[in-house]
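S.K.: The structure that follows is given in the form of structure tokens.
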Amino acid sequence: MARSTETHCFNRRAAMIAGASLSTAALAGRASAAGSGPRQWWGWRGPDGKNTAAAGATPPAGIADQNVAWSVEVPGRGHSSPIVVDDSIYLTTADKTAGTQSVLAFRRDGKPDWTQVVHDGGIPGDNHRNNTEASPTLAYDGEGLFAAFYNSDAIWLTKLSTTGKIIWQQNIGRYHPNQYKYGYAASPLVYRDSVIINADFDGQSFLAAVDRRTGKPIWKVKRPGKTSFSSPIVANIAQRDQLLLSGGEMVAAYSPDDGTMLWKVDGAATMATCGTMVWDNDLVFASGGYPGNKTVCIAANGTTDDGKRSERWSNSSKCYEQSLLAHDGLLFAVADSGVAFCWRCRDGELMWRQRLGGKYSSSPLLVGDTLYVFSETGNGFAFAASPDGYKDRGQSKLGDEIFASPVFVDDTLYLRVAKQVGHRQEYLLAIR
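For the sequence shown, my numbering gives the first residue as 918, with consecutive numbering after it.
Next up, the structure:
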């Protein structure tokens, strides 16, 4: 996406996925057995909501071509990340020429399994050149898959079986951007018996929850009515579940049970953000955006002396489309400037910085003690999740374009890339 004053972001970041009966708050510390095992990655940001591989995971030996176990063509175009459920991998994709938005299934050996067209027609005519019509990542609840698409001037949520059968489809609400026709990106978030959808645009924006089994509405609340693209996430903070969301010139927390706003800090975020919020203990972090640049920390477990929450610290670093990653008291980021940062969570002190170069939309992934990041032009970097300076653990080029974020299951890193082979062709890679 071009970096200009008229550019906004899209977020192919999606949802934190919980088990069928456990909350996503539980995933923050005591993940459900169904959604947190080494053979599972049920949605955006993984089983713990932090884009972190399961405990005990061993990083790949490398991320060069020789470490690619298999590669399979992905039809169409999309920026959603894969999700992994037992022996299957699921993706969304879109074919703007054909006018279709679909869900794809692959086996764990890379063989295509099935394709289900979810929408035939209705794709909006306008979009940002770097966005796609299939940017949100799927969510899984232990029973079915949830796909969110912008179609026919609305956000539609579709539930499918793991064999591709459409179970139900619901119009969640009108979505009709006026000034910035840059598409849609926020993804479904499974929480207990609901699926939560965010739709921020310069109109009647909303945050809504529907019953995951029937699609019937549970609650719906207004958002600021300003263009933004971040996906919500649930964290267990201050001894309760908090639905965290940045954008609209604020950072806010809602009750995921009924949509009640728990707190907000006006001015803490830029108008447009794309990354999913992250947290470390009771500190929460967000970054954006447009029109300004800001990375911010807020204490979400209480109030200040004047009775209001406020920023704990902030800086002018800009992670617009990509999410941050918080781990063990440290906050990691690769900013739009192509510089990797490590800050101390509690006070924002800079531990180190390292120029990697390039532009970034894909978010960092943590496997064991190693971070993986991929630039928009297909360059991959591995480095230690350490406060003691940048420690390189390998570099490679795996494609001509990488916008989707990687996931890690068992001993395998899965990554969606695009290559120029006489034409633009997407692939799903398995790296071991």
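C-beta: ideal position from N, C-alpha, C; glycine also.
(1) Measuring straight from C-alpha to C-alpha, what distance separates TYR1097 and ASP1119?
(2) So, are the CB atoms of TYR1277 and ASP1253 less than 9 angstroms apart?
(3) In three-state terms, what does DSSP make of ASP1286?
(4) For ALA948, which residues of its own chain have a beta-carbon under 7 angstroms away from its beta-carbon, when the five flanking residues on both sides are left out?
(5) Please work out which residues of its chain come closer than 6 angstroms, Cβ to Cβ, to GLY1274, disregarding the five sequence neighbours upstream and downstream, and give them in chain order.
(6) Please list, in chain order, all residues of the same chain as THR975 whose beta carbon is under 8 angstroms from its beta carbon, the five residues on each side excluded.
(7) CA-CA distance, MET1268 and ASP1245?
(8) If you scan the region 955-1041 from start to end, which runs of the beta strand (DSSP E) of 3 or more residues do you find wholly inside it?
(9) Enumerate in chain order the residues of its own chain whose CB-to-CB distance from LYS1133 is below 7 angstroms, with the five nearest sequence positions on each side excluded.
(10) Do the CB positions of ALA1103 and ASN1115 come within less than 9 angstroms of each other?
(11) Work out the CA separation of ALA1216 and SER998 for me, nearest whole Å.
(12) For PRO1149, which of VAL1213, ALA1125, GLU1293, GLU1166 has the nearest alpha-carbon?
(13) Can you tell me whether DSSP reads LYS1211 as helix, strand or coil?
(14) Determine the direct distance from the alpha carbon of ARG1024 to that of PRO1208, and round the result to whole angstroms.
(15) Roughly how many angstroms separate the alpha carbons of ASP1317 and HIS1045, rounded to a whole number?
(16) For the region 1069-1079 and the region 1163-1179, state whether three or more C-beta atom pairs, one from each stretch, are separated by less than 8 angstroms.
(17) Using a Cβ-based criterion (distance less than 8 angstroms to any ligand heavy atom), does LEU1345 qualify as near the ligand ADP?
(18) Go ahead and pull the three-state DSSP assignment for LYS1276.
(19) How would you label ALA1065, buried or exposed, when you count the other beta carbons within 10 angstroms and need 16 or more for buried?
(20) Can you give me the start and stop residues for the beta strand (DSSP E) that GLY1205 sits inside?
(21) Anyone know if the C-beta pair for ARG1349 and LEU1330 falls short of 9 angstroms?
(22) Do SER1019 and GLY1039 have their CB atoms nearer than 9 angstroms?
(23) Does ALA972 pass the burial test, meaning 16 or more other C-beta atoms within 10 Å, or should it be called exposed?
(24) Among THR1177, LEU1160, ALA1321, LEU1008, which residue has its Cα nearest to the Cα of SER1240?
(25) Return yes when the Cβ of HIS1036 is within less than 9 angstroms of the Cβ of THR1010, no when it is not.
(26) For TRP1230 and MET1178, what's the separation of their Cα atoms in angstroms?
(27) Cutting at 7 angstroms between CB atoms, please list the residues of its own chain near ALA1049, excluding the five before and the five after it.
(28) For TYR1331, write down the residues that DSSP places opposite it in a beta bridge.
(29) Please report the straight-line C-alpha distance between LYS1143 and ALA1185, rounded to a whole angstrom.
(30) Bridge partners for HIS1244 per DSSP, in chain order?
(31) Do you know whose CA, among HIS1340, ALA970, SER1313, GLN1087, lies nearest ASN1296's CA?
(32) Whole angstroms is fine: what's the gap from SER1351's alpha carbon to ALA1203's?
(33) Less than 9 angstroms between the beta carbons of LEU1062 and TYR1007, yes or no?
(34) Bridge partners for ARG1109 per DSSP, in chain order?
(35) For PHE1118, name the three-state secondary structure that DSSP assigns.
(36) Can you tell me the Cα-Cα spacing of ASP1117 and PRO1105, whole angstroms?
M.R.: In terms of the structure at hand:
(1) Residue numbering aside, residue 1097 sits at position 180 when the sequence shown is read from its first letter. Residue numbering aside, residue 1119 sits at position 202 when the sequence shown is read from its first letter. Whole-angstrom Cα-Cα distance: 8 angstroms.
(2) Position 360 of the sequence shown holds residue 1277. Position 336 of the sequence shown holds residue 1253. Against a cut-off of 9 angstroms, the Cβ pair of ASP1253 and TYR1277 comes out as a contact.
(3) Taking the sequence shown and counting its residues from 1, the one referred to as residue 1286 is at position 369. Of the three classes helix, strand and coil, the one that applies to ASP1286 here is coil, per DSSP.
(4) One-based indexing of the sequence shown puts residue 948 at position 31. Because ALA948 carries a pLDDT of 31, less than 50, the predicted location of this residue cannot be relied on, and the following value inherits that uncertainty. Only PRO964, ASP965 meet the Cβ criterion.
(5) Here residue 1274 refers to the residue found at position 357 of the sequence shown. Cβ neighbours of GLY1274 beyond the five flanking positions: GLY1255.
(6) Numbered from 1 along the sequence shown, position 58 holds the residue referred to as residue 975. The residues are VAL1284, GLY1285, ASP1328.
(7) Looking up residue 1268 in the sequence shown gives position 351. Looking up residue 1245 in the sequence shown gives position 328. Roughly 14 angstroms between the two C-alpha positions.
(8) 985-991, 1000-1002, 1005-1012, 1017-1024, 1029-1037
(9) Here residue 1133 is taken as the residue at index 216 of the sequence shown, counted from 1. VAL1127, listed in sequence order.
(10) Here the question's residue 1103 lines up with position 186 in the sequence shown. Here the question's residue 1115 lines up with position 198 in the sequence shown. Closer than 9 angstroms, so yes.
(11) Against the sequence shown, residue 998 aligns to sequence position 81. Against the sequence shown, residue 1216 aligns to sequence position 299. Looking at the two C-alpha atoms, the distance is approximately 30 angstroms.
(12) Here residue 1149 refers to the residue found at position 232 of the sequence shown. Looking at the Cα atoms, ALA1125 is the closest of the given residues.
(13) Sequence index remark: in the sequence shown, residue 1211 carries index 294 (1-based). DSSP places LYS1211 in strand when its eight states are reduced to three.
(14) To locate residue 1208, count along the sequence shown from 1; it is residue 291. To locate residue 1024, count along the sequence shown from 1; it is residue 107. About 43 angstroms.
(15) Indexing the sequence shown from 1 puts residue 1317 at position 400. Indexing the sequence shown from 1 puts residue 1045 at position 128. Spanning the two alpha carbons is a distance of roughly 19 angstroms.
(16) no
(17) No copy of the ligand ADP occurs in the structure displayed, which carries no ligand at all.
(18) What you label residue 1276 is simply residue 359 of the sequence shown in a count that begins at 1. LYS1276 falls in the coil class under three-state DSSP.
(19) Numbered from 1 along the sequence shown, position 148 holds the residue referred to as residue 1065. ALA1065 is buried by the Cβ-count criterion.
(20) By one-based count along the sequence shown, residue 1205 stands at place 288. That run of the beta strand (DSSP E) goes 1200-1205.
(21) By 1-based counting over the sequence shown, the position of residue 1349 is 432. By 1-based counting over the sequence shown, the position of residue 1330 is 413. Yes, Cβ-Cβ distance for ARG1349 and LEU1330 is below 9 angstroms.
(22) In the sequence shown, residue 1019 corresponds to position 102, counting from 1. In the sequence shown, residue 1039 corresponds to position 122, counting from 1. The answer is no: Cβ separation not under 9 angstroms.
(23) The residue given as residue 972 occupies position 55 in the sequence shown. Exposed: under 16 other Cβ atoms inside 10 Å.
(24) Residue mapping note: residue 1240 aligns to position 323 of the sequence shown, counting from 1. When only C-alpha atoms are compared, the closest one is ALA1321.
(25) Locating residue 1010 in the sequence shown gives position 93, counting from the first residue. Locating residue 1036 in the sequence shown gives position 119, counting from the first residue. Against a cut-off of 9 angstroms, the Cβ pair of HIS1036 and THR1010 comes out as no contact.
(26) The count along the sequence shown starts at 1 and reaches residue 1230 at position 313. The count along the sequence shown starts at 1 and reaches residue 1178 at position 261. For TRP1230 and MET1178, the distance between alpha carbons rounds to 23 angstroms.
(27) In the sequence shown, the residue the question calls residue 1049 occupies position 132. Note on residue identity: the sequence assigns Thr, not Ala, to residue 1049. Result list for THR1049: ARG994, GLY995, HIS996, ALA1011, in chain order.
(28) Here residue 1331 corresponds to residue number 414 of the sequence shown, with the count starting at 1. VAL1324, ALA1347, per the DSSP bridge assignment.
(29) In the sequence shown, counting from the first residue as 1, residue 1143 sits at position 226. In the sequence shown, counting from the first residue as 1, residue 1185 sits at position 268. Approximately 15 angstroms between the Cα atoms of the pair.
(30) As a first step, residue 1244 must be located in the sequence shown, where it is residue number 327. In the DSSP output, where bridge partners are listed per residue, HIS1244 has LEU1247.
(31) Looking up residue 1296 in the sequence shown gives position 379. It is SER1313 whose Cα lies nearest to the Cα of ASN1296.
(32) With the chain represented from 918 up to 1349, any question about residue 1351 goes unanswered, as that position is not in the structure.
(33) Taking the sequence shown and counting its residues from 1, the one referred to as residue 1062 is at position 145. Taking the sequence shown and counting its residues from 1, the one referred to as residue 1007 is at position 90. Against a cut-off of 9 angstroms, the Cβ pair of TYR1007 and LEU1062 comes out as a contact.
(34) What you label residue 1109 is simply residue 192 of the sequence shown in a count that begins at 1. DSSP, once it has assigned bridges, lists no residue as partnering ARG1109.
(35) Working through the sequence shown from its first residue, we reach residue 1118 at position 201. If DSSP states are grouped into helix, strand and coil, PHE1118 belongs with coil.
(36) Working through the sequence shown from its first residue, we reach residue 1117 at position 200. Working through the sequence shown from its first residue, we reach residue 1105 at position 188. Their backbone Cα atoms lie some 14 angstroms apart in a straight line.
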